[in-house]
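Line order of the protein sequences matches chains G and W. Just so we're aligned, residue 2 is where the first sequence starts under this note's numbering, counting upward by one. Just so we're aligned, residue 9 is where the second sequence starts under this note's numbering, counting upward by one. Report on one structure; see the data block that follows.
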Amino acid sequence: MYFNFNFYKYRKIAFVFSFLLMILSIFLFFKKNLNLGIDFKGGVMVEAKFLSEPSLLELRNNVSSFIDGNIEIQEFGEPTTVLFRIEKNSDEENEQKMIVAKLKDSLPENVDYRRVEFVGPKVGKELQIMGLKAILYSLIAMFIYIWFRFSGWQFGLGAVFALFHDVFSTLGFFALTQIEFNLASIAAILTIAGYSINDTVVVFDRIRENLVKTEIPFSELLNKSINQTLSRTIMTSLTTLLALLALFIFGGEVIKGFVSAMMWGVLVGTYSSIFIASPLIILFGFVREKKS
Amino acid sequence: MLEISKWKFFIVLSVCILGIYFLVPNFYNKTEVTGLPDYISKKQVNLGLDLQGGSHLLLEVDTRAVLKERSEYLVDELRSILRKNKIKYTNLGSKVKGAIVTITDQNKLQEALIIVRKGVENGIIVNSDKNKLTLSFSDQYIIDTNNQTVEQSIEVVRKRVDESGTKEPTIQKQGEDRIIVQLPGIKDPERVKSLIGRTAKLNFHLLDPTTVELAEQRGKLPPGTFKVQNADPTAYEKQFVVKKRVLLTGDRLVNAAATVDAQSGKYVVAFEFDRKGAKKFAKVTTENTYQRLAILLDDKVISAPQIREPITGGSGNISGNFSPETANDLAVLLRAGSLPAPIKVLEERTVGPSLGEDSIKAGKKALKIGFVLVIIFMMIRYRLFGMIADLAIILNIVLLVSLLSLIEATLTMPGIAGIVLTIGMAVDANVLVFERIKEELKSGRSIMNSIDLGYKFAVKTILDANFTTLIAALLLFNYGSGPIKGFAVTLSIGIVTSMFTALVLTKLLVTIWIVKFKPNKIFL
Chain G
2 MYFNFNFYKY RKIAFVFSFL LMILSIFLFF KKNLNLGIDF KGGVMVEAKF
52 LSEPSLLELR NNVSSFIDGN IEIQEFGEPT TVLFRIEKNS DEENEQKMIV
102 AKLKDSLPEN VDYRRVEFVG PKVGKELQIM GLKAILYSLI AMFIYIWFRF
152 SGWQFGLGAV FALFHDVFST LGFFALTQIE FNLASIAAIL TIAGYSINDT
202 VVVFDRIREN LVKTEIPFSE LLNKSINQTL SRTIMTSLTT LLALLALFIF
252 GGEVIKGFVS AMMWGVLVGT YSSIFIASPL IILFGFVREK KS
Chain W
9 MLEISKWKFF IVLSVCILGI YFLVPNFYNK TEVTGLPDYI SKKQVNLGLD
59 LQGGSHLLLE VDTRAVLKER SEYLVDELRS ILRKNKIKYT NLGSKVKGAI
109 VTITDQNKLQ EALIIVRKGV ENGIIVNSDK NKLTLSFSDQ YIIDTNNQTV
159 EQSIEVVRKR VDESGTKEPT IQKQGEDRII VQLPGIKDPE RVKSLIGRTA
209 KLNFHLLDPT TVELAEQRGK LPPGTFKVQN ADPTAYEKQF VVKKRVLLTG
259 DRLVNAAATV DAQSGKYVVA FEFDRKGAKK FAKVTTENTY QRLAILLDDK
309 VISAPQIREP ITGGSGNISG NFSPETANDL AVLLRAGSLP APIKVLEERT
359 VGPSLGEDSI KAGKKALKIG FVLVIIFMMI RYRLFGMIAD LAIILNIVLL
409 VSLLSLIEAT LTMPGIAGIV LTIGMAVDAN VLVFERIKEE LKSGRSIMNS
459 IDLGYKFAVK TILDANFTTL IAALLLFNYG SGPIKGFAVT LSIGIVTSMF
509 TALVLTKLLV TIWIVKFKPN KIFL
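Following this line, the structure appears as structure tokens:
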């Protein structure tokens with residue numbers, strides 16, 4: 002497969018598309034909010050498997066009669082399995098333990114408790130800070146790395162823009178789908194960030210190599226570099242997506258949210274390295290030095 | 009130029025053998041592996057709590073409680089020092105971290121200062137201000153006390169967990185005042201948790217003959233007594249009037265066990281004091297025969313028996329309304345001793361065994377299917393080179409798992425996701441090389457030349473590209489907790505092994521093939 006697409010020509014459409022995507026993501030992020038899990042908000046989560054399919058409505062009425070606070074009850078993976086999420090803004094850790102005990106008392110004896118988690122408000126806040134730190138520091142570390150690795154600030158900035166593009170749109174993805182945002186989501190975002198830069202670096206490396214080898218105009222050189230690496234970009238994205246697909250279908254309910262975010266990240270990361278990162282170099286005013 | 013270097017061949021071969029050597033123990037379960045011959049490695053990948061089921065608890069030790077206790081103790085000490093030296097004082101009391109007293113006779117202030125300084129522990133700063141003496145704990149004293157409190161708490165928690173029969177628990181200190189407890193594969197986490205959280209302070213008092221009803225009629229309690237709840241809310245006597253003086257504490261116990269009382273046929277907890285405790289117990293029971301003893305556990309009465317005769321042997325029974333379990337739990341608590349400070353559970357994550365099993369099954373299935381899909385895909389796309397890349401993927405998994413075993417890492421569900429993801433991404437390095445070779449061929453170079461150049465050009469890109477993912481993985485490892493750490497570990501090791509397999513193993517295989525068969529056409 003040899004490619005000869007004129008990617009550079011579509012840069013304006015891509016910029017507009019990405020701009021809208023960013024606006025939409027930010028809008029969703031603030032309007033719909035992230036569906037923060039108990040990791041960050043504090044609260045109680047119980048996954049219970051019933052012998053026969055329970056009525057969610059009945060459960061909800063029953064539970065809300067003795068627990069005040071935000072209660073979420075949903076089917077989890079299969080009809081007999083129910084996920085309870087109870088959020089209670091209380092600084093008293095013991096109260097949450099009481100909630101678990103009360104909930105267990107209200108359910109039939111033969112229920113199989115597959116997961117019982119509770120995170121106190123103190124730890125929730127700490128985990129929030131920890132997650133933010135992890136994302137922030139890794140973005141800074143990657144930024145510094147790209148800065149040093151590619152002479153010419155236009156390269157560095159292009160890659161960083163693409164990176165932010167991918168991270169923001171993933172946050173938008175979380176807000177849109179209302180997939181629970183928990184510690185695993187932080188891991189997904191960081192992996193996506195790594196993958197996004199990985200993809201960008203491969204294209205940039207080729208641009209750099211071609212800069213030394215050929216004399217063609219820069220926009221043409223850009224196209225050539227993207228086309229030369231396109232086979233690899235597609236192959237790697239496909240194999241990664243294949244592996245993720247297997248995880249999504251067979252990996253179980255617990256990591257489904259994590260995997261779907263990763264799949265989105267791979268798609269958007271591949272797109273951004275082709276249509277955003279590279280054209281931005283020109284937009285930022287990179288001019289190749291004339292060889293004397 | 010392409011050539012098969014002997015030492016490279018040797019390195020790859022030994023890495024493969026080592027990989028398989030460290031992989032093998034994982035095919036056996038924990039008990040089988042200990043029975044293997046000595047020359048086989050015993051190191052295995054541990055399953056995380058989310059895969060084998062179990063409880064993760066984050067506890068916080070209330071260190072302030074101990075400082076408060078010490079402050080109160082300091083007041084007592086101060087009182088006895090001043091009395092002994094006949095220095096008059098007023099307004100003696102404790103403060104947040106220390107004590108304060110007013111010396112009545114201004115002229116004695118200097119003398120009091122010197123005597124008190126000599127009399128109290130090191131690490132307590134004594135200062136005078138006008139006619140007041142202030143005693144405060146130094147920063148170092150506070151740090152040492154807190155450390156000691158946490159260390160002691162860990163010891164007690166460990167004893168209790170061990171006594172409860174939990175296999176291979178992990179109990180670690182985290183930060184300044186926190187303890188992480190991991191209890192793999194326990195059936196009844198609630199029971200162990202209630203064991204861990206109890207302070208279990210056992211105190212022996214005397215019961216005041218005044219009944220609660222009588223005290224209420226009079227409108228006040230007799231001097232030197234206090235009202236205490238019965239630990240068993242269903243009992244006939246709901247409350248007791250108990251004398252404040254502590255006769256004996258649980259610290260003096262050397263043994264405790266749940267047994268059945270021969271006379272009543274009920275469950276009791278038999279206990280035994282050390283020599284000092286036995287002497288004291290004998291004295292108390294001799295002086296107070298026919299009175300009632302009040303045995304308090306965490307400020308609630310668990311038993312209030314009458315002393316029928318002096319007990320000189322240093323042992324006795326606590327009878328209460330016990331079931332076999334509660335009697336056993338109390339015995340465990342008494343044997344392990346009391347916590348120096350109250351403990352609060354900040355975070356708890358319990359995974360039931362059924363979810364753990366399901367997760368392992370699901371993880372294995374996803375791993376197999378993802379693996380097969382990628383393998384077939386590579387074979388279709390690159391034919392012979394695809395098969396070579398597939399060999400690299402297989403070795404990649406072998407090396408990944410063997411390295412995880414070598415460091416005895418903990419495999420979690422996100423960790424399995426990391427392995428599956430690594431399979432997808434591991435081909436990247438190979439793909440980069442293959443595509444580069446293809447380009448070089450297209451530009452008219454010879455097969456040998458193209459392969460040589462393909463590897464040369466791709467190496468730089470591969471190193472560059474993987475470095476950023478490695479940064480993300482390492483930061484995740486640093487900031488993540490539990491399962492996420494597992495993901496970070498598999499991802500970072502996976503990146504390193506995938507670079508090795510692509511740049512060393514496949515290169516060697518491709519080289520061998522070219523040199524041996526000298527093909528004049530290759531399909532890529």
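Built from N, CA and C at the ideal position, the CB exists for glycine as well. These numbers were taken from a predicted model, which means no experiment stands behind them.
Sub-9 Å separation of G/A278 and G/A160 beta-carbons: yes
Cβ-based contacts, 7 Å cut-off: residues of the stretch 404-429 of chain W near chain G: M421, P422, A425, V428, L429
W/G345 beta carbon near the ligand GTP (any heavy atom closer than 8 Å): The ligand GTP is absent from the structure shown, which contains no ligand whatsoever.
Extent of the continuous alpha helix (DSSP H) to which G/Y272 belongs: 257-273
Range covered by the beta strand (DSSP E) that runs through G/P80: 79-88
Identity of the residue in W/F379, W/A265, W/K96 nearest W/E333 by Cα: W/A265
Per-residue burial, W/V104 [other beta carbons within 10 Å of its own, 16 or more giving buried]: exposed
Within 7 Å of chain G by C-beta, residues of the stretch 358-369 of chain W in sequence order: T358, V359, G360, S362, L363, D366, S367
Extent of the continuous alpha helix (DSSP H) to which G/S56 belongs: Counting along the chain, G/S56 falls outside any alpha helix (DSSP H), and DSSP gives it neither H nor E.
Buried versus exposed, by CB contacts within 10 Å (16 or more), W/N404: buried
Interface partners of G/K123 on chain W, CB under 7 Å: L354
Reduced DSSP category for W/S13 - H, G, I as helix; E, B as strand; rest coil: coil
Neighbour-count burial assignment, G/S293, 16 or more Cβ in a 10 Å radius: Any answer about G/S293 is weak, because its pLDDT of 45 lies below 50 and its placement is not dependable; what the coordinates show is given next. Result: exposed.
Near-chain W residues of the stretch 221-242 of chain G (beta-carbon distance less than 8 Å), N- to C-terminal order: Q229, T230, S232, R233, M236, T237, L239, T240, T241, L242
Contacting residues, own chain, Cβ-Cβ under 7 Å from W/I28 (five flanking each side not counted): V406
Beta-carbon proximity list for W/K535, same chain, < 8 Å, skipping 5 on both sides: The structure shown does not extend to residue 535 of chain W, since chain W is modelled only from 9 to 532, so the question has no answer here.
Cβ-Cβ distance between G/A244 and W/G378 below 9 Å: yes
Alpha-carbon spacing of G/F28 relative to G/G38, whole angstroms: 20 Å
W/S346 (DSSP reduced to helix, strand or coil): coil
CB contact flag (W/V249, W/T293, <9 Å): no
Interface residues of chain G facing W/F35 [CB-CB closer than 8 Å]: Near W/F35 there are no residues of chain G at all, since even the closest Cβ is about 22 Å away, more than 8 Å.
N-terminal and C-terminal residue of the alpha helix (DSSP H) that W/E119 is part of: 117-127
Residues near W/V309 in its chain [Cβ-Cβ closer than 8 Å; skip 5 each side]: V236, Q237, N238, A239, F248, V250, A302, I303
DSSP three-state assignment for W/I192, whether helix, strand or coil: This sequence places Pro at residue 192 of chain W; Ile is not what is there. Three-state result, W/P192: strand.
Contacts that W/F475 makes with chain G (C-beta to C-beta distance below 7 Å): Y146
Neighbour flag for W/S489 against chain G, beta carbons, 9 Å: yes
Boundaries (first-last residue) of the beta strand (DSSP E) holding W/Y97: 97-103
Bounding residues of the alpha helix (DSSP H) (the contiguous stretch that carries G/F149): 122-150
Option nearest W/A349 by Cα separation, candidates W/S144, W/T142, W/N99, W/R186: W/R186
8 Å contact criterion, which W/M386 and W/A370 should meet: CB distance rounded: No, W/M386 and W/A370 are not in contact; Cβ-Cβ is about 24 Å, not under 8 Å.
Contact set between W/M387 and chain G, taken where Cβ atoms lie within less than 7 Å: The premise fails here: W/M387 is roughly 12 Å from chain G at the closest Cβ pair, so nothing lies under 7 Å.
Spatially closest choice to G/I24 from G/E48, G/V269, G/I187, G/F169, by CA coordinates: G/F169
Cβ neighbours of W/P491 in the same chain (closer than 8 Å, five flanking residues each side left out): G56, D58, T420, M421, P422, G423
Beta-ladder partner(s) of W/T418, from DSSP: W/N54
Under the three-state DSSP convention, the category W/R300 falls into: strand
Beta-carbon separation (whole angstroms), W/I479 vs G/Y146, contact threshold 8 Å: 7 Å
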